[in-house]
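Asks: There's a structure below that I have some questions on.
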Amino acid sequence: MKNIDEKLQPILAQVIRRNAGEPEFHQAVHEVLESLGRVVAKQPHFLDQALIERICEPERQIIFRIPWVDDHGHVQINRGFRVQFNSALGPYKGGMRFHPSVNVGIIKFLGFEQTFKNALTGMPIGGGKGGSDFDPKGKSDAEIMRFCQSLMTELHRHLGDQTDVPAGDIGVGRREIGYMFGQYKRLNNRFEAGVFTGKALAYGGSRARTEATGYGNTYFVQAMLQTRGTSFDGKKVVVSGSGNVAIYSIEKVQFFGGKVIACSDSTGYVVDENGIELALLKDIKEVRRERISEYARRKGAGVYFIAADKGSIWDVACDVAMPSATQNELSGKDAAALVKNGVMAVGEGANMPSTPEAIRVFLDAGVMFAPGKAANAGGVATSALEMQQNASRDSWTFEQTEMRLAAIMRGIHDTCHQTAEEYGAPGNYVLGANIAGFVRVAESMRMLGVI
Ligand code: NDP
176 MKNIDEKLQP
186 ILAQVIRRNA
196 GEPEFHQAVH
206 EVLESLGRVV
216 AKQPHFLDQA
226 LIERICEPER
236 QIIFRIPWVD
246 DHGHVQINRG
256 FRVQFNSALG
266 PYKGGMRFHP
276 SVNVGIIKFL
286 GFEQTFKNAL
296 TGMPIGGGKG
306 GSDFDPKGKS
316 DAEIMRFCQS
326 LMTELHRHLG
336 DQTDVPAGDI
346 GVGRREIGYM
356 FGQYKRLNNR
366 FEAGVFTGKA
376 LAYGGSRART
386 EATGYGNTYF
396 VQAMLQTRGT
406 SFDGKKVVVS
416 GSGNVAIYSI
426 EKVQFFGGKV
436 IACSDSTGYV
446 VDENGIELAL
456 LKDIKEVRRE
466 RISEYARRKG
476 AGVYFIAADK
486 GSIWDVACDV
496 AMPSATQNEL
506 SGKDAAALVK
516 NGVMAVGEGA
526 NMPSTPEAIR
536 VFLDAGVMFA
546 PGKAANAGGV
556 ATSALEMQQN
566 ASRDSWTFEQ
576 TEMRLAAIMR
586 GIHDTCHQTA
596 EEYGAPGNYV
606 LGANIAGFVR
616 VAESMRMLGV
626 I
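Per my numbering, the sequence shown starts with residue 176, numbered consecutively.
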């Protein structure tokens with residue numbers, strides 16, 4: 176209960192009691208409540224109508240069995256989830272994650288974060304998240320298709336372009352979205368393009384959606400750097416992960432003149448002091464779906480790979496760190512190493528990649544720190560642009576879409592920056608993001624009555 180206003184402590188206690196064994200969800204709620212002390216001191220009406228208690232309780236949680244048949248004819252069982260967290264601002268919106276670590280607590284934490292993130296974009300979208308403990312690694316295309324079809328056979332009844340609109344996340348890319356959308360279309364006998372985002376361009380996707388989260392995080396960090404009169408130009412950057420978010424962060428950082436010297440996957444990290452060769456990384460990860468060590472093997476002398484159990488990517492000295500793999504991947508110890516090596520800015524591409532201890536280390540050291548719910552909102556913002564294009568049966572150019580994305584990220588940055596100042600914590604983007612997101616959702620909930 177450390178650092179939580181005493182009026183808010185019973186709310187956290189109830190969340191912990193009601194959601195036993197879900198540490199990631201407790202962590203996400205704890206972080207938001209930590210910021211809300213300043214809000215209820217200034218605007219005590221937010222304590223009325225159990226608004227904060229209601230915001231911490233998902234509107235609906237769906238858990239279901241996903242049976243499917245593997246290539247050897249064996250029946251496999253996975254568990255599927257969809258947490259429809261909050262629809263005060265619009266239809267539930269948030270990705271699907273396929274990873275063996277997925278459980279209801281992880282989906283709940285992601286849905287909770289998503290609610291505030293979506294509010295920060297200023298677009299009419301509520302918050303939700305879903306997924307399965309299915310591991311797509313090593314599965315054939317046919318197995319992936321059968322799994323996605325089985326999942327959608329159950330989930331379709333809970334979705335709709337005005338109800339709940341999923342997208343991708345870890346382990347869910349174009350291929351998986353295609354199979355899920357296809358089965359939805361078949362079961363409903365409706366081409367309802369706006370029910371899924373992250374679709375391929377051929378059947379209703381948006382240009383720049385693939386790039387949006389990584390590009391958006393880079394725009395956000397660029398805006399933070401500008402507040403101190405500097406930019407990416409000539410900076411050394413470390414980006415963890417080598418999936419969708421990481422690859423397009425690297426692309427945009429390089430465009431802005433930064434040098435990305437390290438990236439990773441769950442097996443370890445590679446360091447290339449000459450700058451990561453993006454075309455090679457894309458070939459390894461997007462085309463061949465190989466491990467990151469392959470990058471060091473193909474580059475040869477001067478480039479090295481360190482296995483995950485032998486070291487941390489955050490020991491690599493850099494000016495800017497962009498954690499873009501998964502939750503809690505950057506510990507207090509990692510943050511201390513980054514600070515010691517002179518890091519000046521951190522932009523979270525992933526959701527909640529820094530532990531609470533790490534965030535404290537960064538803030539205490541005066542490092543500019545962009546929390547994921549603000550910095551990685553470019554993905555969902557572009558998803559909302561995809562929904563706009565679908566609703567108007569239109570398709571925008573890449574430039575038009577990227578321009579909207581850049582303006583939205585600038586808006587989110589400025590909102591967080593100004594809100595932090597307004598509430599007496601200049602430069603604290605964590606506080607700014609939590610408060611600005613909360614106020615928008617809570618105000619709408621108040622107007623909608625006790626539902
Ligand atoms: P991908 O599946 O494309 O890539 C994930 C990357 O992170 C891979 O390199 C993967 O390595 C690594 N990774 C995953 N789990 C772990 C783990 N437990 N330990 C170490 N490394 C791990 O996912 P995305 O790039 O889409 O997502 C990355 C993060 O960004 C997630 O937190 C996601 O929620 C967040 N995000 C994504 C958005 C999007 O638009 N895609 C939008 C907003 C946030 P390996 O291949 O070895 O598993």
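Using N, Cα and C, we set each Cβ at its ideal position, and we do this for glycine too.
Would the C-beta of Val-420 count as close to the ligand NDP, meaning under 7 Å from any of its heavy atoms?
Replies: In the sequence shown, counting from the first residue as 1, residue 420 sits at position 245. At least one heavy atom of the ligand NDP is nearer than 7 Å to the Cβ of Val-420, so yes.
Asks: Once DSSP output is grouped into helix, strand and coil, what is the label at Pro-531?
Replies: For the purposes of this step, residue 531 is taken as residue 356 along the sequence shown, with counting starting at 1. Correct three-state label for Pro-531: helix.
Asks: Just to confirm my understanding: we take Phe-544, look at its own chain, exclude 5 residues before and 5 after, and list those with CB closer than 7 Å. What are they?
Replies: Working through the sequence shown from its first residue, we reach residue 544 at position 369. Cβ neighbours of Phe-544 beyond the five flanking positions: Val-521, Ile-534, Phe-537, Leu-538, Tyr-604 and Val-605.
Asks: Skipping 5 residues on each side, what residues in its chain have a beta carbon closer than 7 Å to that of Ser-468?
Replies: Along the sequence shown, read from residue 1 onward, the residue named residue 468 stands at position 293. Within the same chain, Ser-468 has close Cβ partners Thr-442, Gly-443 and Phe-480.
Asks: Taking three-plus beta-carbon pairs below 8 Å as touching, is the region 222-242 in contact with the region 275-292?
Replies: Touching, per the Cβ criterion.
Asks: Residues in its own chain within less than 6 Å of Asn-590 by CB, not counting five upstream and five downstream?
Replies: Here the question's residue 590 lines up with position 415 in the sequence shown. Asn is not the amino acid found at residue 590; the sequence shown has Thr there. Taken in chain order, the residues that qualify are Ala-611.
Asks: Less than 8 Å between the C-beta atoms of Gly-547 and Pro-528, yes or no?
Replies: Reading the sequence shown from its first residue, position 372 is the one you call residue 547. Reading the sequence shown from its first residue, position 353 is the one you call residue 528. Their beta carbons are under 8 Å apart, which means Gly-547 touches Pro-528 by this criterion.
Asks: Are Ile-345 and Arg-272 close, meaning C-beta to C-beta below 8 Å?
Replies: What you label residue 345 is simply residue 170 of the sequence shown in a count that begins at 1. What you label residue 272 is simply residue 97 of the sequence shown in a count that begins at 1. Yes; because the gap between Cβ atoms is below 8 Å, this pair is in contact.
Asks: Check whether the Cβ atoms of Leu-264 and Pro-242 sit closer than 8 Å, and answer yes or no.
Replies: In the sequence shown, residue 264 corresponds to position 89, counting from 1. In the sequence shown, residue 242 corresponds to position 67, counting from 1. Result no, Cβ atoms of Leu-264 and Pro-242 do not sit closer than 8 Å.
Asks: Alpha carbon to alpha carbon, how far is Ala-203 from Ala-225? Give it in angstroms, no decimals.
Replies: Here the question's residue 225 lines up with position 50 in the sequence shown. Here the question's residue 203 lines up with position 28 in the sequence shown. So the two alpha carbons sit approximately 19 Å from each other.
Asks: With DSSP collapsed to three states, give me the class of Lys-304.
Replies: For the purposes of this step, residue 304 is taken as residue 129 along the sequence shown, with counting starting at 1. Strand at Lys-304.
Asks: At a threshold of 7 Å, does Ala-525 count as lining the ligand NDP (C-beta to nearest heavy atom)?
Replies: The residue you call residue 525 lines up with position 350 of the sequence shown. Yes; taking the cut-off as 7 Å, the Cβ of Ala-525 has a heavy atom of the ligand NDP nearer than that.
Asks: Looking only at C-alpha atoms, which of Gly-389, Asn-392 and Ala-342 sits nearest to Gly-380?
Replies: Against the sequence shown, residue 380 aligns to sequence position 205. Nearest of Gly-389, Asn-392 and Ala-342 to Gly-380, Cα basis: Ala-342.
Asks: Sorted by chain position, which residues of the same chain lie with C-beta nearer than 8 Å to Glu-318's C-beta, five sequence neighbours on each side aside?
Replies: Against the sequence shown, residue 318 aligns to sequence position 143. Cβ neighbours of Glu-318 beyond the five flanking positions: Trp-243, Asp-245 and Asp-246.
Asks: Enumerate in chain order the residues of its own chain whose CB-to-CB distance from Pro-266 is below 8 Å, with the five nearest sequence positions on each side excluded.
Replies: Start at 1 with the first residue of the sequence shown, and residue 266 comes out as number 91. Result list for Pro-266: Ile-300, Gly-301, Gly-335, Asp-336, Gln-337, Thr-338, Asp-339 and Val-340, in chain order.
Asks: Can you tell me where the beta strand (DSSP E) holding Phe-395 begins and where it ends?
Replies: Start at 1 with the first residue of the sequence shown, and residue 395 comes out as number 220. Phe-395 -> not in any beta strand (DSSP E); alpha helix (DSSP H) instead, spanning 384-402.
Asks: Taking its Cβ as the centre, do 16 or more other Cβ atoms sit within 10 Å of Phe-356, making it buried, or is it exposed?
Replies: Indexing the sequence shown from 1 puts residue 356 at position 181. Classification for Phe-356: buried.
Asks: Using 8 Å as the threshold, is the region 246-259 in touch with the region 301-317, meaning 3 or more CB pairs across them?
Replies: Taking 8 Å as the limit for Cβ pairs, the verdict is that the region 301-317 does touch the region 246-259.
Asks: Any idea which residues DSSP pairs Val-412 with across the strands?
Replies: The residue you call residue 412 lines up with position 237 of the sequence shown. Answer by DSSP bridge pairing, in chain order: Val-435 and Val-495.
Asks: Which residue or residues does DSSP assign as beta-bridge partners of Leu-505?
Replies: Here residue 505 corresponds to residue number 330 of the sequence shown, with the count starting at 1. Leu-505 pairs with Ser-529.
Asks: Taking only the alpha-carbon atoms, compute the straight-line gap between Arg-403 and Lys-515 and give it to the nearest angstrom.
Replies: Here residue 403 refers to the residue found at position 228 when the sequence shown is read from its first residue. Here residue 515 refers to the residue found at position 340 when the sequence shown is read from its first residue. In a straight line, the C-alpha of Arg-403 is about 20 Å away from that of Lys-515.
Asks: From Ala-581 to Ile-227, what does the alpha carbon distance come to, in whole angstroms?
Replies: Position 406 of the sequence shown, counted from the start, is the residue given in the question as residue 581. Position 52 of the sequence shown, counted from the start, is the residue given in the question as residue 227. Answer to the nearest angstrom: the Cα atoms are 32 Å apart.
Asks: Could you name each continuous alpha helix (DSSP H) segment of 4 residues or more that falls completely within the region 209-235, going from the start of the chain to the end?
Replies: Counting whole runs of 4 or more residues, the region 209-235 contains the alpha helix (DSSP H) stretches 226-230.
Asks: Nearest by alpha-carbon distance to Gly-569: which of Ala-387, Arg-349 and Gly-369 is it?
Replies: Looking up residue 569 in the sequence shown gives position 394. Sequence check: residue 569 is Asp here, not Gly. Per the Cα distances, Gly-369.
Asks: Could you say if the region 384-395 and the region 548-556 meet the contact criterion of at least three C-beta pairs nearer than 8 Å?
Replies: Touching, yes.
Asks: Who pairs with Gly-335 in a beta bridge, going by DSSP?
Replies: Taking the first residue of the sequence shown as position 1, residue 335 is located at position 160. Asp-339.
Asks: If you measure from the CB of Ala-500, is any heavy atom of the ligand NDP nearer than 7 Å?
Replies: In the sequence shown, counting from the first residue as 1, residue 500 sits at position 325. It does: the Cβ of Ala-500 is within 7 Å (strictly closer) of some heavy atom of the ligand NDP.
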